[in-house]
Amino acid sequence: MNLTNSENLFQRALKVIPGGVNSPVRACKSVGADPIFIDHAEGCEIFDADGNRFIDYIGSWGPMILGHRHPAVIESIAQVLKRGTSFGAPLDLEIRLAELVIDAFPSVEMVRMVNSGTEAAMSAVRLARAATGRSVVIKFDGCYHGHADTLLVAAGSGVATLGIPGSPGIPESIAHHTLSLPYNDIDAVKQLMTEKGDKIACIIVEPVAGNMGLVAPAKGFLETLKELSEKYGSILIFDEVMTGFRVALGGAQSLYGISPDLTCFGKIIGGGLPVGAYGGNRTIMSHIAPQGSVYQAGTLSGNPIAMAAGIATLEQIKKDGFYESLEEKSQRLAIGLANAAKKAQIPATVRHIGSMLGLFFSDREVKNFDDAKACDLQDFAKFYKGMRENGIYIAPSQFEAFFISAAHETQHIDATIRAAEIVLEELRQ
Ligand code: KE4
């Protein structure tokens with residue numbers, strides 16, 4: 049595959065952008081490849097700077113659930129451009145997007161728009177700390193909630209030991225307020241809450257984990273978080289930046305029937321434009337300035353173009369049959385990939401939850417981050433490179449998910465399965 053233009057662009061980018069990319073995972077380092085530079089995209093396909101065509105399962109890391117350049121989204125953006133691009137003042141579109149989010153999430157009565165999932169999670173934690181007067185945050189290993197200092201924290205040596213900075217530049221004094229437990233470890237949560245429950249401001253969790261590969265909540269895990277946060281007066285935050293409007297119209301909380309106190313949103317609600325949001329019941333959201341005293345702000349929050357793209361997207365996915373059709377495609381792909389691995393006698397587990405799909409090179413079910421890290425990461429790197437060579441664009445990391453869009457048709461799913469059969473057969477040899 050000719051990648052000359054991407055290679056030249058990458059060399060140029062490396063001179064002026066750290067790592068040549070504006071977000072680390074795009075550099076494809078963990079799979080030992082160089083990034084391809086995208087020229088344009090349409091539907092479920094992307095086209096790189098050398099004219100190569102790929103079937104896209106990254107979908108901008110989740111936002112493009114309709115596929116790229118959906119006519120309704122493009123038209124909505126075109127229309128709002130006639131009004132302007134940014135006012136730094138309220139406008140009707142912000143209310144409409146808020147209403148669409150609230151309509152789909154019964155646990156959310158009020159919502160504040162921000163510009164990224166990072167801002168949403170950071171602000172939700174600040175709100176939880178203010179509402180409870182407590183400082184300690186519980187998160188889970190392998191869950192990613194953006195790069196705010198408080199949330200970029202790795203697990204301490206023991207279950208209840210204080211968090212350690214997940215990156216240089218994060219003071220120990222901040223990391224110490226965050227405790228990270230193994231995902232799905234109900235006993236560890238029970239033990240910690242028994243010991244420190246009255247100090248815990250919030251428990252933040254990806255209700256379906258998508259940042260260690262796709263990992264489903266174990267039976268009783270989310271229920272336990274709900275029960276213990278209620279018992280000790282802590283705030284339960286569902287980070288649905290990825291799962292919101294993805295695994296179901298009402299996100300993971302509708303799938304599992306658990307109502308968190310706060311929900312974080314991002315990705316799909318912006319339809320490809322920079323939007324994040326956080327919301328919850330009126331009481332807790334009333335703490336947020338200027339109604340309350342918890343400060344959070346943003347020059348471009350509620351930006352007209354981003355609101356227009358988000359509204360157009362949510363109006364499309366609300367339509368009857370949207371998720372049923374996505375489920376059929378996702379299931380077809382999951383079965384096809386699992387069969388391809390079986391035929392090639394490569395140990396792999398494949399599962400999907402809604403239109404999020406996970407593939408691990410392991411013969412065991414992956415229940416947490418340690419399991420995920422124990423998978424054959426070399427096989428994944430080879431699989432990634434082989435699939436890209438065969439025109440299939442998947443996430444360049446074992447610790448990400450595949451995203452299926454409404455624009456993926458049967459022929460795209462079947463072409464993907466055929467490519468996987470070829471690549472997995474090569475892997476076997
Ligand atoms: P952003 O700040 O990237 O908009 O959102 C952060 C975030 C928060 N919560 C969850 C559950 C998320 O998945 C994310 C971001 N997801 C990654 C993909 N795994 C974004 C890709 C990237 O970092 O470039």
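Residue numbering for the sequence shown follows the numbering used here, starting at 49 and increasing by one per position. Every residue gets a Cβ at the ideal spot worked out from N, C-alpha and C, and that includes glycine.
If you check the beta carbons only, do residue i and residue j fall under 9 Å apart?
{"i": "PHE447", "j": "GLY261", "result": "yes"}
{"i": "LYS415", "j": "ALA266", "result": "yes"}
{"i": "MET174", "j": "SER282", "result": "Looking at the sequence shown, residue 174 is not Met but Arg. No; because the gap between Cβ atoms is not below 9 Å, this pair is not in contact."}
{"i": "ALA152", "j": "GLY305", "result": "no"}
{"i": "GLN426", "j": "LEU114", "result": "no"}
{"i": "LYS315", "j": "PRO111", "result": "yes"}
{"i": "GLY91", "j": "ALA455", "result": "yes"}
{"i": "THR361", "j": "GLY324", "result": "no"}
{"i": "ALA146", "j": "VAL342", "result": "no"}
{"i": "LYS430", "j": "VAL398", "result": "no"}
{"i": "LEU227", "j": "VAL263", "result": "no"}
{"i": "PHE409", "j": "PHE428", "result": "yes"}
{"i": "MET49", "j": "ASP82", "result": "no"}
{"i": "ASP235", "j": "TYR280", "result": "no"}
Whose C-alpha, out of the options, is nearest the C-alpha of residue i?
{"i": "SER378", "options": "PRO119, HIS400, LEU129 and GLU288", "result": "HIS400"}
{"i": "MET161", "options": "GLY358, ALA249, PHE269 and HIS116", "result": "GLY358"}
{"i": "ILE150", "options": "TYR326, LYS244, GLY439 and GLY214", "result": "TYR326"}
{"i": "LEU270", "options": "SER302, GLU243, LYS244 and LYS247", "result": "SER302"}
{"i": "ALA396", "options": "GLY402, LEU385 and MET404", "result": "LEU385"}
{"i": "ASN15", "options": "SER164, ILE440 and ILE470", "result": "Nothing can be reported for residue 15, as the shown portion of the chain is limited to 49 through 477."}
{"i": "ALA168", "options": "GLU288, GLU278 and GLU413", "result": "GLU288"}
{"i": "ILE251", "options": "LEU141, GLU147, ALA429 and THR180", "result": "THR180"}
{"i": "LEU229", "options": "ASP418, VAL79, LYS187 and ARG380", "result": "LYS187"}
{"i": "LYS367", "options": "GLY340, ASN50 and ALA296", "result": "ALA296"}
{"i": "GLU254", "options": "TYR280, GLY340, ASN232 and PHE428", "result": "ASN232"}
{"i": "MET241", "options": "LEU273, ALA203 and VAL201", "result": "LEU273"}
{"i": "ASN163", "options": "ALA202, ILE317 and MET49", "result": "ILE317"}
{"i": "GLU93", "options": "VAL69, HIS118, GLN393 and ASP246", "result": "HIS118"}
{"i": "GLU243", "options": "PRO213, ILE212, GLY211 and LEU276", "result": "LEU276"}
{"i": "ALA468", "options": "ALA388, LEU405, GLY211 and ARG131", "result": "ALA388"}
{"i": "ALA449", "options": "ALA223, GLU142 and TYR192", "result": "TYR192"}
{"i": "GLY268", "options": "ALA120, TYR280, LEU62 and LYS238", "result": "LYS238"}
{"i": "HIS224", "options": "ALA236, ILE234, ALA203 and PRO322", "result": "ALA203"}
{"i": "ARG131", "options": "ASP411, ARG60 and MET355", "result": "MET355"}
{"i": "SER478", "options": "GLY194, ASP189, VAL156 and CYS423", "result": "What the structure shows of the chain is the stretch from 49 to 477, and residue 478 is not part of that stretch, so it cannot be assessed."}
Hey, would you say the C-beta of residue i is under 8 Å away from at least one heavy atom of ligand 1?
{"i": "ALA354", "result": "no"}
{"i": "MET241", "result": "no"}
{"i": "ASP287", "result": "yes"}
{"i": "ALA392", "result": "no"}
{"i": "TYR192", "result": "yes"}
{"i": "SER71", "result": "yes"}
{"i": "LYS315", "result": "yes"}
{"i": "SER171", "result": "no"}
{"i": "THR166", "result": "yes"}
{"i": "GLY324", "result": "yes"}
{"i": "ASN351", "result": "no"}
{"i": "ASN416", "result": "no"}
{"i": "ASN18", "result": "Because the chain in this structure spans residues 49 to 477, residue 18 falls outside the shown range and cannot be described."}
{"i": "ARG74", "result": "yes"}
{"i": "ASN438", "result": "no"}
{"i": "CYS92", "result": "no"}
{"i": "CYS312", "result": "yes"}
{"i": "MET404", "result": "no"}
{"i": "MET290", "result": "yes"}
{"i": "GLY258", "result": "yes"}
{"i": "GLY110", "result": "yes"}
{"i": "GLU372", "result": "no"}
{"i": "THR457", "result": "One point to set straight first is that residue 457 is Glu, not Thr, in the sequence displayed. It does not: the Cβ of GLU457 is nowhere closer than 8 Å to a heavy atom of ligand 1."}
{"i": "GLU271", "result": "no"}
{"i": "GLU469", "result": "no"}
{"i": "GLU275", "result": "no"}
Taking 8 Å as the cut-off, is the beta-carbon of residue i closer than that to any non-hydrogen atom of ligand 3?
{"i": "THR226", "result": "The model depicted lacks ligand 3 and carries ligand 1 instead."}
Touching or not, the stretch 342-354 and the stretch 96-113, by the rule of three or more beta carbon pairs under 8 Å?
No, the stretch 342-354 does not touch the stretch 96-113.
Would the stretch 253-260 and the stretch 215-222 be scored as touching if the rule is three or more Cβ pairs under 8 Å?
The stretch 253-260 vs the stretch 215-222: no contact.
Three or more C-beta pairs closer than 8 Å, one from the stretch 120-134 and one from the stretch 326-345: is that the case here?
Segments in contact, no.
Three CB pairs or more closer than 8 Å across the stretch 75-86 and the stretch 54-64:
Inter-segment contact for the stretch 75-86 and the stretch 54-64 is present: three or more beta-carbon pairs are separated by less than 8 Å.
Taking only runs that begin and end inside the stretch 287-342, name each unbroken alpha helix (DSSP H) of 4 or more residues, in chain order.
Counting whole runs of 4 or more residues, the stretch 287-342 contains the alpha helix (DSSP H) stretches 299-304 and 330-333.
Give, in chain order, every unbroken run of the beta strand (DSSP E) that is at least 3 residues long and sits entirely within the stretch 131-191.
Within the stretch 131-191, the complete beta strand (DSSP E) runs of at least 3 residues fall at 158-162 and 184-188.
On the three-pair Cβ rule with 8 Å, is the stretch 442-461 touching the stretch 63-79?
The way I'd put it, the stretch 442-461 does touch the stretch 63-79; three or more beta-carbon pairs between them come closer than 8 Å.
Across the stretch 307-323 and the stretch 285-299, are there enough close Cβ pairs to call them in contact, namely three or more that are closer than 8 Å?
Contact holds: three or more Cβ-Cβ distances are below 8 Å.
Measuring CB atoms only, is the stretch 372-392 touching the stretch 333-342, in the sense that at least three cross pairs come out at less than 8 Å?
Flag = no, the stretch 372-392 and the stretch 333-342 do not touch.
Mind listing, in chain order, the continuous alpha helix (DSSP H) runs of no fewer than 4 residues lying wholly within the stretch 451-476?
Listed in chain order, the complete alpha helix (DSSP H) runs (minimum 4 residues) inside the stretch 451-476 are 458-476.
Runs of beta strand (DSSP E) wholly within the stretch 350-429 (minimum 3 residues, chain order):
Unbroken beta strand (DSSP E) runs of no fewer than 3 residues, entirely contained in the stretch 350-429, are found at 397-401 and 404-408, following chain order.
Whole beta strand (DSSP E) runs in the stretch 66-118 with 3 or more residues, listed along the chain?
Here the runs fully enclosed are 86-90, 93-96 and 101-104.
Complete runs of the alpha helix (DSSP H) confined to the stretch 201-272 [at least 4 residues]:
Every alpha helix (DSSP H) stretch that sits fully inside the stretch 201-272 and reaches 4 residues is listed by chain position as 220-223 and 234-244.
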